[in-house]
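Asker: Please read through the structure below; I'll follow up with questions.
Structure (structure tokens):
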């Protein structure tokens, strides 16, 4: 049977061995590492078997290191230093622990949610820099998947989220409204029935954006295909077109504060009512990353503040 260093000799055994060589006896080693004396003795004994040469000799009840053990110690120290550098460099390549957090967000969340989170993060982690990338739901999910982003703020209502590999922290639910140019004549006495706007022109976000999916679903329920004048790649451009009278659209309620005085907003009738669930999403295998833990904590505080203000 061949010698398999990867399974026979573990970093745990080497760590116990190095501590023993420093402390000089099993009792002090066990106390330092929070182990039992039996566990320390077993680790040293199996390491000796794995190395396949004597490392210790017994002198009474004491275990005395042989020259071979001191030689092994020198190489263990080198191995540990190399591995520590390797782990550090790996984290650098992955963008972890470098005082920088790469966050992706929907354009619409830059009005209030993202600034609130950034301000809170600055109080928690003053030295942490946050790189912000804006994009569609689909784009941000792909960037998270390929490791170019550490966390994303998206609508999870329209996305297939793998809960086994991704951690999801819900922030708030958001209603969708009909948005119309200020010059349009609307019946504001009731809820908006999309069938009443069958002859109107519409502007829309491009495919892949959170609101696009809701847009498609709402008109599917209404039973007609709207006349879409143009599709754009960010929600601010879309609402600028509505302001200019180019057409109607559907927009999330989080945009109301900025646009309620320049566009007309109507709540949708019950068949078309829908909500987006906005959440922070990051890789589950990164949940112990201090920067992501801080972002998650700030997200929970933000979510609580919204619930308390209702």
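Numbering (the numbering used here), first residue to last: 2 to 311. Quick reminder that beta carbons are idealized off the backbone N, C-alpha and C, glycines included. If you're wondering where the values come from, they're calculated on a predicted model, not measured in any experiment.
Per DSSP, residue 283 is paired with what?
Answerer: Here residue 283 is taken as the residue at index 282 of the chain shown, counted from 1. Looking at the DSSP assignment, residue 283 forms a beta bridge with 168.
Asker: For the beta strand (DSSP E) that residue 105 lies in, which residues bound it at each end?
Answerer: Within the chain shown, numbered from 1, the residue matching residue 105 stands at position 104. 101-106 is the span of the beta strand (DSSP E), which, as asked, contains residue 105.
Asker: Looking at the unbroken alpha helix (DSSP H) that takes in residue 55, where does it start and where does it end?
Answerer: Numbered from 1 along the chain shown, position 54 holds the residue referred to as residue 55. For residue 55, there is no enclosing alpha helix (DSSP H), as DSSP marks it with neither H nor E.
Asker: Could you give the DSSP three-state label for residue 67: helix, strand or coil?
Answerer: Translated into positions along the chain shown, residue 67 becomes position 66. The answer is coil: DSSP assigns residue 67 none of H, G, I, E or B.
Asker: Could you tell me the distance, in whole angstroms, from the CA atom of residue 219 to the CA atom of residue 272?
Answerer: As a position in the chain shown, residue 219 is number 218, starting the count at 1. As a position in the chain shown, residue 272 is number 271, starting the count at 1. One C-alpha to the other measures close to 8 Å.
Asker: If you drop the 5 nearest sequence neighbours on each side, which residues of the same chain put their C-beta closer than 6 Å to that of residue 228?
Answerer: On the chain shown, position 227 is the one that residue 228 refers to. Cβ within range, chain order: 202.
Asker: Given this structure, state the Cα-to-Cα distance separating residue 123 from residue 77, to the nearest angstrom.
Answerer: Here residue 123 corresponds to residue number 122 of the chain shown, with the count starting at 1. Here residue 77 corresponds to residue number 76 of the chain shown, with the count starting at 1. Straight-line measurement puts the Cα of residue 77 at about 41 Å from the Cα of residue 123.
Asker: Under a Cβ-count criterion, where at least 16 other Cβ atoms within 10 Å of its own Cβ denotes burial, should residue 159 be classed as buried or exposed?
Answerer: Within the chain shown, numbered from 1, the residue matching residue 159 stands at position 158. It counts as buried.
Asker: Name the two residues that bound the continuous alpha helix (DSSP H) containing residue 243.
Answerer: Counting from 1 along the chain shown, the entry for residue 243 is found at position 242. Counting along the chain, the alpha helix (DSSP H) containing residue 243 begins and ends at 236-244.
Asker: Are three or more beta carbon pairs between the segment 138-154 and the segment 99-118 nearer than 8 Å?
Answerer: yes
Asker: What do you reckon, are the CB atoms on residue 225 and residue 138 nearer than 8 Å?
Answerer: In the chain shown, residue 225 corresponds to position 224, counting from 1. In the chain shown, residue 138 corresponds to position 137, counting from 1. Contact: no.
Asker: Look up residue 233 in the DSSP assignment and give the residues it is bridged to.
Answerer: One-based indexing of the chain shown puts residue 233 at position 232. According to DSSP, which records beta bridges pairwise, residue 233 is partnered with 206.
Asker: For residue 277, name the three-state secondary structure that DSSP assigns.
Answerer: Numbered from 1 along the chain shown, position 276 holds the residue referred to as residue 277. In this structure, residue 277 counts as strand in the three-state DSSP scheme.
Asker: Among 36, 62 and 11, which residue has its Cα nearest to the Cα of residue 51?
Answerer: Locating residue 51 in the chain shown gives position 50, counting from the first residue. Out of 36, 62 and 11, 11 has the C-alpha closest to the C-alpha of residue 51.
Asker: Once DSSP output is grouped into helix, strand and coil, what is the label at residue 33?
Answerer: Walking along the chain shown from the start, residue 33 turns up at place 32. Here residue 33 sits in helix by DSSP.
Asker: Do you know how far the Cα of residue 53 is from the Cα of residue 101?
Answerer: Taking the first residue of the chain shown as 1, we reach residue 101 at position 100. Taking the first residue of the chain shown as 1, we reach residue 53 at position 52. Cα to Cα, residue 101 sits roughly 46 Å from residue 53.
Asker: Counting only runs of 3+ residues fully inside the segment 150-195, write out the beta strand (DSSP E) ranges in chain order.
Answerer: 152-156 and 167-182
Asker: With the cut-off set at 8 Å, would you say residue 279 and residue 297 are in Cβ contact?
Answerer: As a working mapping, residue 279 is identified with position 278 in the chain shown. As a working mapping, residue 297 is identified with position 296 in the chain shown. It is not a contact, given that the beta carbons lie outside the stated cut-off.
Asker: How would you label residue 243, buried or exposed, when you count the other beta carbons within 10 angstroms and need 16 or more for buried?
Answerer: In the chain shown, the residue the question calls residue 243 occupies position 242. So residue 243 ends up on the buried side.
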